[in-house]
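Novice:
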Amino acid sequence: MSQIQLNNDADEFNERGMSRAKLGDFEGAIKDYEQAIRINSNLAQAYYNRGMAFAKLGNLEDAIEDYDEAIYINEDFAEAYFMRGNLRAGLEKFSEALEDYNEAIDINPYFAEAYYCRSIARSYLGDVEGAVNDFNQYIFNKDDSSCYSHVNKHQNDSKLAEAFFNKGLYCAESGDLEEAIQNFNQALNIQSQYTEAYYNRGLIYANLGDLKEAINDFNKSLVLQPKNFIAYYNRGIARAELGYLEAATEDFTKSISINPKFAEAYNNRGVICRKLGDIKKAIKDFKKAININSNYANAYHNLAFSYQQLRDMKGAIEAYTQTVLINPNDAQAYYNRGIVRADLGDTKGAIEDFNQSLHLNPNYAKSFNYRGIVRNQLGDIEGAIEDFNRALYISPGFDEAYSNRGNTRKKLGDWKGAIEDYSQALRINPNFYIAYCNRGTAYQYLGEFQKAIEDYEQAININCNFPEAYYNRGTIYKLLGNKVRAINDLIKAVELFQKEGRISNAQIALDLIKEI
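Note that this note's numbering gives residue 64 to position 3 of the sequence shown, counting from 1, and the numbers run on in steps of one.
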């Protein structure tokens, strides 16, 4: 038999193998390819085809060996490099896959699919710019001219839509959000039911602060994929930021119903419950989130703050401590635990926490302010003023720091300096009733009783349940001999002190009434 006849027989076996492969008979196809190879061991196409059949059957090692052989026989076999690259990418050997795609593209610079797959490999390797460039090449080579002007010709081209989608993802990753939106738009022009494109475009809109557009996209995504618990969750976040708290709660609840192990949804629903005033329900959600994920620092932080609101200081300290054990870099958790410790009289522990908070965040004005309060309580007046000065240097509009510095200046006998600080606090925040009351005490000490009374009245107008303002005004009326007004104010102070559980303060006011 002649060599020509043998080669023809090899081609016939190869063709028959391809026919069987099209019918899904990959094992039969492999037998035919083997016959072809026995007849002609240099038939690169047969090795290539057998490699594809092996890959379909999940026999990746044999598939790669066949692609190796095909490339050895024909070093310009671009498709063999491409297919071997795909297998290597599937095995997460992205550097090796990248080399194969490079070879395929060097051989055939118009190999659109190779550009597409190389872009995926580059993205996994962190080369976002290279990935975007390859997507552009894929889109360009998919058609002889730029696909941006011929999108309507590709309505059913899911691969092209996916290319625009992936390019959008990488543009977003590189921070080019507007370009990302344009690419998601292109993907949706080609494939209008592309739920992932709606969802990811929604995320970009949310990132840009366009929450209404974000919600619109999440809505469209959920119409197409109603079991997408992540979409419900992100729509809930957007709704919460717009103030639609009840709707946000519904979204988090829906997300949980689809995925009962979604700790983040419990945590965020807890935050909303707390904003709506249902702190006990919020605590249940935070605990549920922690049960699902015992290392969920943010849930512990939220749980601690909720305990703090309920005046469960022991529970708050335990939860804040757990927060910083999980996340030692949470400056706010140290700050909040410091406040709780200060409330419990643990001034040393409080200062340690404020110090740690400031070590983690040297520009944390609130920590300087509260450390100043504790230092003031301990008699470290110089240290307190230094802390208030630092807080105001960082945040010049910090009304509480001005008021607290005023309190410290009063201790030094600098009454005019104190009044200046209280006045500055009130210029920043005209509804700061505590500053009115504090300035009133300064005026009272200086004998400017009418100014003091006016400040106490301002404090009461802003907060009619502030007992100190009634008490202080009552003491002035007593000094001025206005017994009726003095008694009325002091009785009101007693009532409010008792309501707050401040029995010793109430007793002081009662004793003063007896003196009138």
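We put the beta carbon where it would ideally sit given N, CA and C, even for glycine.
(1) According to the neighbour-count rule (16 or more other Cβ atoms, all chains shown, within 10 Å of its Cβ), is D278 buried or exposed?
(2) Could you tell me the alpha carbon to alpha carbon distance between Q198 and A224, rounded to whole angstroms?
(3) Between E240 and C232, what straight-line distance do the alpha-carbon atoms span, to the nearest angstrom?
(4) Can you tell me which of G263, N268, D271 puts its alpha carbon nearest to the alpha carbon of L283?
(5) What is the DSSP secondary structure of G542, counted as helix, strand or coil?
(6) Would you give the residue range spanned by the alpha helix (DSSP H) that D475 belongs to?
(7) S210 to Y381, Cα distance in whole Å?
(8) For D32, which option in A248, K92, Q370, N549 has the closest C-alpha, if you only look at C-alpha atoms?
(9) I need the DSSP call for G440, collapsed to helix, strand or coil.
(10) Looking at C-alpha atoms only, which residue of I577, M113, I298, F527 is the closest neighbour of Q559?
(11) Where does H215 sit, in a helix, a strand or coil, going by DSSP?
(12) Under the three-state reduction of DSSP, which class applies to I577: helix, strand or coil?
(13) Quick check on E515: does DSSP put it in helix, strand or coil?
(14) Distance, Cα to Cα, E190 vs N388?
(15) Do N490 and D441 have their C-beta atoms closer together than 7 Å?
(16) Considering only the alpha carbon of each residue, which of N524, Q519, I577, R534 lies closest to K544?
(17) Please name the residue in D72, L386, G112 whose C-alpha comes closest to that of R99.
(18) Find the nearest neighbour of I265 within the set I242, E379, F196, judged by alpha-carbon distance.
(19) Looking at C-alpha atoms only, which residue of E140, S102, E447, Y506 is the closest neighbour of D167?
(20) Leaving aside the five residues before and after I495 along the sequence, list all residues of the same chain whose C-beta is less than 7 Å from its C-beta, in chain order.
(21) How far does the alpha helix (DSSP H) with G399 in it reach, from first residue to last?
(22) A570: beta carbon under 6 Å from a heavy atom of the ligand NAP?
(23) Within the continuous alpha helix (DSSP H) that includes L152, where are the two ends?
(24) Do the CB positions of N202 and A173 come within less than 7 Å of each other?
(25) Grab me the residues of N524's own chain with a C-beta within less than 7 Å of its C-beta, minus the 5 sequence neighbours each way, in chain order.
(26) Specify the secondary structure class of C525 as computed by DSSP and reduced to three states.
(27) With DSSP collapsed to three states, give me the class of Y177.
(28) Quick one: measure Cβ to Cβ for S367 and A343, integer angstroms, because I've assumed they're closer than 8 Å.
(29) Excluding the 5 residues flanking N390 on each side, which residues of the same chain have their C-beta closer than 8 Å to its C-beta?
(30) For L186, name the three-state secondary structure that DSSP assigns.
(31) From the DSSP output, in three-state form, read off Y209 for me.
(32) If we ignore side chains and look at the alpha-carbon of each, how far apart do Y425 and S418 end up?
(33) Are T408 and L453 closer than 7 Å when you measure CB to CB?
(34) When you compare each of Y357, V555, G85 to N566 by their alpha carbons, which one comes out closest?
(35) As a quick exercise: from Y176, D127, K341, I181, pick the residue whose alpha carbon is nearest that of L230.
(36) In terms of residue numbering, what span does the alpha helix (DSSP H) encompassing Q383 cover?
Specialist: Taking the geometry as given:
(1) Sixteen is the threshold: when 16 or more other Cβ atoms of the shown chains lie within 10 Å of the Cβ of D278, as they do, the residue is buried.
(2) 10 Å
(3) 6 Å
(4) G263
(5) coil
(6) Premise fails: D475 is in no alpha helix (DSSP H) and is neither H nor E.
(7) Because the pLDDT at S210 is just 41, under 50, the model does not fix this residue reliably, and the value given afterwards should be weighed accordingly. If you draw a straight line from the Cα of S210 to the Cα of Y381, it is about 57 Å long.
(8) There is simply no residue 32 to check, as the chain begins at 62 and stops at 577 in what is shown.
(9) DSSP, read as helix, strand or coil, puts G440 in coil.
(10) F527
(11) Low local confidence applies: a pLDDT of 44 at H215 is under 50, so the model's placement there is unreliable, and no value is given.
(12) coil
(13) helix
(14) 33 Å
(15) no
(16) Among N524, Q519, I577, R534, the Cα nearest to that of K544 is on I577.
(17) The residue with the shortest Cα to Cα distance from R99 is D72.
(18) When each option's Cα is compared against that of I265, the closest is I242.
(19) E140
(20) S464
(21) Residues 392–404.
(22) You won't find the ligand NAP in this model; it holds no ligand whatsoever.
(23) L152 -> no alpha helix (DSSP H), and no H or E assigned at all.
(24) yes
(25) Y494
(26) coil
(27) helix
(28) The C-beta distance from S367 to A343 rounds to 5 Å, short enough to fall under 8 Å.
(29) Result list for N390: L421, in chain order.
(30) coil
(31) Low confidence applies here, because Y209 scores a pLDDT of 39, under 50, leaving its location unreliable; read the following figure in that light. Y209 falls in the helix class under three-state DSSP.
(32) 8 Å
(33) no
(34) V555
(35) I181
(36) 374–387
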